[in-house]
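Just remember that the working numbering sits 1473 ahead of the position in the sequence shown, which is counted from 1. For reference, the structure discussed in these notes is given below.
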Amino acid sequence: MMTQRLTGKHLSLLLALQEAPMETVEKLAEKVGYSRTTVSQNLKWLAGESKDSKKSYFRVAPELDETALGLETVDVFFRSDSFPEIKQLETLCDKHPYTKYRARCYGGNSGLFAQFRIPIGTVKLIDQSLQKYCKLLSAEYEILPTLDTEPAFSTSRLQHWDSKTFTWNFDWDEWFTFSSKGRKNGFSQSDTERTELLSQEDIMILSHLARGSRRKNVDIIRALKKEGIEFTSQDFSRRLQMLRDNFIMGYHVFIDPDAFDLYSNVILSINCEESFGESLRKSLLNNPPPFRSTLKVNDDFSFWYLRLPPSHLSSLLNNLRETVYKLDVTMVDYHMSEVYALWAEAFDEEAHTWKSDEQFMVDF
């Protein structure tokens, strides 16, 4: 069985990367049970670096400490059934200086899901911006109550994957018993901002890391030079270490949609007892399911973005339906999505802060 020419070995390696994005070839070989040579060759092929590989199937990017960067993420649903309007909303996201992510969506919220990574405390300005733009359309928008929440994450875990049958050995019924056993999982944000350490060149480095963090330093240095930013190897290594120490919590893997036709991407908007939301969060941290997901809990509202096989969706939804007040299921079109890196021009180097005036954020 193959998916877009991908074998079980390829898929196992991609899953191992999701679990440990910056792992060495030797350690990855141990995880998947193949030789170092085989893993090295497959990794180059999957990265689009071999002569016979036509595309890159994955990209490793840093998980940024947004609080340390002086930023926070706003989650937004744009609701519209008009295709031309959705295209216009995508153009808005492309032009806005603080867009983080966008994707077309269907079902409970039909239109566009977007995230804006904005300077801390400027949600009123992003609200003004969206209100101004949506007045020109018939589209509605909703800023979700996920600000000031600490996201909980889960990643794909190889021990639950059978590369021979292309199936997952995982039971949602058992998971929803909210057992406390397991390992601590996820990243932890800082408590304070550290923007005084940053320059526009540092933002450029972070942007290039978002395009591929497994690249060699020399390759990133060459790419920066093409944009007019020059570093010696020693200077770059020093700046990179500073960024890792202060602004990078870890790494995650973006996988090309063609690699896993086995996956569905869904957003669950949940209204429930506050205690149930906290139980979801604790279980995700201490006993994470083997699928990539992000959970944000705020009082009686929970936002859960998951990437999982369709065969597991029914069991997940049935377990939730038994307990929650309201459950909206939104299907995310992963093929029609876009991830945005930090934009260096949005950072005021002299003030060591992000630009947050009305002209920049509303009238861009």
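Beta carbons: idealized from backbone N, C-alpha and C, even for Gly. All values derive from a computational prediction rather than experimental measurement.
Check	Outcome
Cross-strand partners of E1613 (DSSP beta bridge)	R1552
Nearest-angstrom Cβ-Cβ length linking K1504 and A1520, presumed shorter than 8 Å	Contact flag wrong, Cβ pair sits at about 17 Å.
Paired residues, beta bridge with N1744 - DSSP	F1774, K1799
Straight-line Cα distance separating T1595 from S1829	7 Å
C-alpha gap between F1720 and E1539, whole angstroms	7 Å
Proximity to M1677 [Cα-Cα], best of I1743, A1819, S1766	A1819
Where S1602 sits in the DSSP three-state scheme	helix
Of the residues D1621, T1628, I1559, the one placed nearest T1767, counting alpha carbons only	T1628
Range covered by the alpha helix (DSSP H) that runs through A1683	1673 to 1683
Cβ contact (3+ pairs, closer than 8 Å) linking the stretch 1636 to 1643 and the stretch 1595 to 1608	no
8 Å contact criterion, which A1612 and L1537 should meet: CB distance rounded	Going by Cβ atoms, the distance from A1612 to L1537 rounds to 29 Å, so no, they are not a contact pair.
Which residues DSSP lists as bridging V1812, in chain order	Y1574
The alpha helix (DSSP H) enclosing L1516, as first and last residue numbers	1509 to 1519
Short Cβ contact (9 Å threshold) for S1686 with Y1736	no
Selected residue, minimal CA-CA separation from S1663, among R1552, A1625, M1722, L1671	M1722
Boundaries of the alpha helix (DSSP H) in which H1785 is found, first to last residue	1783 to 1794
Own chain residues within Cβ distance below 7 Å of P1762, not counting five before or after	S1627, F1643, W1648
The ligand ADP heavy atom lying under 8 Å from the CB of E1674	By its list of ligands, the structure shown contains no ligand whatsoever, and the ligand ADP lies outside what it can speak to.
Interface flag, S1555 vs chain D, CB-CB below 9 Å	Checking the listed chains, one finds no chain D in this structure; it contains a single protein chain.
Selection from T1796, E1831, S1485 that minimises the alpha carbon distance to Q1632	S1485
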